[in-house]
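Participant: Anchor point for the sequence shown: position 10 equals -2 in the numbering used here, and the numbering is continuous, going up by one each time.
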Amino acid sequence: MKNDVIAGQFELLADLLEIQSANPFRIRAYRNAARTISSTSDSLADLAATGGDLTQLPGIGKDLARQIIEIAQTGKLKSLEELQQQIPSGVVDMLRIQGVGPKKVSVFFNELHLTSLAELKAACEAGRISQLKGFGKKTEESILQNIDQAAASASRFSIADARAAVETIVADLRQLPAVVRCEAAGSCRRRRETCGDLDVLAICSDPAPPMDRLAAHPLVASVLQRGETKQRVRLVSGIELDLRVVPEESFGAAMQYFTGSKEHNVVLRQRAKDLGLKINEYGVFRGDETVAGRTEEDVYAAVGLPWIPP
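1. Report yes if the CB atom of Ile176 is closer than 8 angstroms to the CB atom of Leu186, and no otherwise.
2. Is it buried or exposed for Phe13, if we count other Cβ within 10 angstroms and need 16 for buried?
3. What residues in its chain sit with their C-beta under 8 angstroms from that of Glu237, if we drop five residues either side in the sequence?
4. Output needed for Arg257: all residues of its chain with C-beta closer than 7 angstroms, excluding positions within five of it in sequence on either side, in chain order.
5. Based on DSSP bridge pairs, tell me the residues matched to Thr182.
6. Please tell me whether Ala242 and Val254 are closer than 8 angstroms, where the distance is taken between their beta carbons.
7. Any chance you could list the beta strand (DSSP E) runs of at least 3 consecutive residues sitting entirely within the stretch 213 to 253, in chain order?
8. Please classify Leu189: does DSSP put it in a helix, a strand, or coil?
9. Are the beta-carbon atoms belonging to Pro90 and Glu6 less than 8 angstroms from one another?
10. Would you tell me roughly how many angstroms separate the C-alpha atoms of Thr182 and Ile227, rounded to the nearest one?
11. Got a sec, what are the start and stop residues for the alpha helix (DSSP H) Ile25 sits in?
12. What first and last residue would you give for the alpha helix (DSSP H) that runs through Ala204?
13. Measure the beta-carbon distance from Val(-7) to Ala152 and round it to whole angstroms, keeping in mind my assumption that it falls under 8 angstroms.
14. Taking the DSSP output, what are the residues bridged to Ile75?
15. Nearest to Glu113 by alpha carbon, out of Leu231, Thr217, His101, Gln133?
16. List the DSSP bridge partners of Gly271.
17. Taking only three categories from DSSP, how would you classify Thr38?
Shown next as structure tokens:
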């Protein structure tokens, strides 16, 4: 498990505590711990697994060390889950609004009892926010200008959080002897600023081992769907991940298909069609003959294009 994943849970915990107007010293302790964890080069998960003394880290006492071990071993933090049950997810979504932090969200939640972006927008339009102590018309107008963007991104996750999670899972699946290759695809591989979900591709003669390993992974909260070669799970962070087990001869085509944007894939399919070819996630075909599919370089070469790493 990446240090950033552990740090992210501490940051979220600090945000939720601040929304609840909890003890500021406790909030500061979690924020300082998150910074320490993010800046530590050694893997805290490995350190915890080998019985290392986490209290040697700056600002990490016995209680924080225990919680780091809890996250490293289970992928979850009980105290965070308890807070998440007390605070509606729509309240947490308010943190996505530019210029709005936990202190402002605390006021919206505790004084106006707003529990969603829609309710906050309505309150702004009714002039209720500007009437709050410490708020004014400019703040209200700024929130109103940025709230739609926040709503659009509420179902998306930062690239840093997404990459930390998917890299941890991919590294774990690669440990399976039966897995020949495993890579992340999708918008996360394209390094978009945010990701709606995650895509992982694996080469394995038997799909069961990687699917079983993923289902039992500490970062996975639940299995949403499982078929013969595809499994969809929801991570503890809320982001969903698709694992597809593909044959080696189709791996390159699948990587291209599930990494390329919708617009890019449409253009690529049309180019293939103009050349008398068909291209999909299984390969490049001329009639019943497979032209390419094993590598992305072969797929692009088949349609007369160079492969440019995303």
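Beta carbons are placed, not taken as given, at the ideal position from N, Cα and C, and that holds for glycine.
Facilitator: Quick look at the numbers:
1. Note that residue 176 is Cys in the sequence shown here, rather than Ile. Result yes, Cβ atoms of Cys176 and Leu186 sit closer than 8 angstroms.
2. exposed
3. Gly271, Thr278, Gly281, Arg282
4. Ile267
5. Ser146
6. no
7. 218 to 223, 228 to 234
8. strand
9. yes
10. 11 angstroms
11. 12 to 27
12. No alpha helix (DSSP H) contains Ala204, which DSSP labels as neither H nor E.
13. 5 angstroms
14. The partner list for Ile75 (beta bridge, DSSP) is empty, contrary to what the question assumes.
15. Gln133
16. Asn268
17. coil
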